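Engineer: Residue numbers (full-length UniProt numbering): 1 to 180.
Idealized CB from N, CA, C, for every residue including glycine.
Predicted model only: the values in this text are computed from it and were never measured.
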């Protein structure tokens, strides 16, 4: 039985031969990197490895823009909110569109960007966000995949747009359009 020390907190882990150590850690801290030490019989060894603690309750997504795109993927999607930490350790940040996971970039503490994946069909899927590739936070938003063209037998049916409403909106995006 080995312990993992974090400040004054101690959690226990079980190491079996050379297999990876599985540890349940305390999630009491805000988003922060903490060095940890392994101990056997009370003697701690210092490690250069950091563990990323984050408080899921402090992370909020308040807007997603745009809320839809082509089923072929490639749409830049911006998530706005709070509690996003911006540094190089954010390589584990991902967006999930339904069940499809894509990398995300933390642009600052209020803004994350990801690129929509391709989808085999049209329709809305829930969006989630992760900072550790294990626990996914619900954003409360859906992304709508739209099939822009369809193959019908030997001919292609192409979507034609005759009008949109409204004709304008804020540059930040987020305006819902009615397409006719």
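Residue 116 and residue 75 look like a contact to me (Cβ under 8 Å); what is the Cβ gap, rounded to whole Å?
Structural biologist: Right, the Cβ-Cβ distance comes to about 4 Å (below 8 Å), so this counts as a contact.
Engineer: Pull up the distance between the alpha-carbon of residue 71 and that of residue 126, whole angstroms please.
Structural biologist: Each residue's alpha carbon lies about 15 Å from the other.
Engineer: Nearest by alpha-carbon distance to residue 95: which of 178, 144, 139 is it?
Structural biologist: The option with the nearest alpha carbon to residue 95 is 139.
Engineer: With distances taken from CA atoms, which of 146, 100, 67 is nearest residue 122?
Structural biologist: Nearest of 146, 100, 67 to residue 122, Cα basis: 146.
Engineer: Let's test the definition: count the other Cβ atoms within 10 Å of the Cβ of residue 179 and tell me whether it reaches 16, buried, or not, exposed.
Structural biologist: Answer is exposed; the Cβ neighbour count stays below 16.
Engineer: Checking the sheet assignment: what are the DSSP bridge partners for residue 82?
Structural biologist: Paired residue(s): 60.
Engineer: For residue 111, write down the residues that DSSP places opposite it in a beta bridge.
Structural biologist: Paired residue(s): 80, 108.
Engineer: Just how far apart, CA to CA, sit residue 168 and residue 68?
Structural biologist: About 17 Å.
Engineer: Can you tell me which residues form a DSSP beta bridge with residue 125?
Structural biologist: Paired residues: 143.
Engineer: What residues in its chain sit with their C-beta under 6 Å from that of residue 130, if we drop five residues either side in the sequence?
Structural biologist: Once the five neighbours on either side are set aside, the close Cβ partners of residue 130 are 94, 136.
Engineer: State yes or no: is the C-beta of residue 114 within less than 9 Å of the C-beta of residue 104?
Structural biologist: Yes, they are a contact pair.
Engineer: Rounding to the nearest angstrom, what Cα-Cα distance links residue 118 and residue 171 in this structure?
Structural biologist: If you take the alpha carbons of residue 118 and residue 171, they lie about 25 Å apart.
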